[in-house]
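For the sequence shown, position 45 (counting from the first letter as 1) is numbered 30 according to our numbering, and the numbering increases by one without interruption. All C-beta atoms in this analysis are idealised placements derived from N, C-alpha and C, irrespective of residue type, glycine included. Bear in mind the structure is a predicted one, so any value in this text is a computation, not a measurement.
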Amino acid sequence: MFNIAAFLSYIFLTAYTPGPNNIMAMSNASNDGFKKSFKFCLGVLAGFFVIVLASAIFSAALYDFIPTIEPFMRFIGAAYILWLAWVILRDKPKNPNAKKSTIRAKLLFYRYGDAIRER
């Protein structure tokens, strides 16, 4: 579900906090003057445009490609989760006397993960 309050707070914070480009632009303006800092700002704008354009092209390509690979990725993801479960269950404790507590801890973490997943 989309949370508009979180989105607006993120937009506000990123718009009004100086990033590295703003700090460098202020530094260039104080050291070199307005004309050189304006050229720097145009370079930042061009770089930002290229990054946004590349992101849009990649997102469009990925949007078309995801339905093709979704069944394969589901199988790979399920196999990976089963492999992780197998590794965790086969893990031997470093202290042989702590075996019961280790098994209890594994069950506790399993139930905790299961509770999180259901929310």
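Taking only the alpha-carbon atoms, compute the straight-line gap between residue i and residue j and give it to the nearest angstrom.
i     : j     : result
W71   : R59   : 18 Å
A46   : K77   : 45 Å
R75   : W68   : 11 Å
L(-7) : Y1    : 12 Å
F34   : K20   : 21 Å
P3    : F(-3) : 12 Å
L27   : I51   : 36 Å
Are residue i and residue j close, meaning C-beta to C-beta below 7 Å?
i    : j   : result
N136 : V29 : The question about residue 136 has no answer, for the chain in this structure spans -14 to 104.
N13  : F25 : yes
Would you grab the beta carbon distance between residue i and residue j for me? Rounded to a whole angstrom, and I think it's under 8 Å.
i   : j   : result
S22 : A10 : 6 Å
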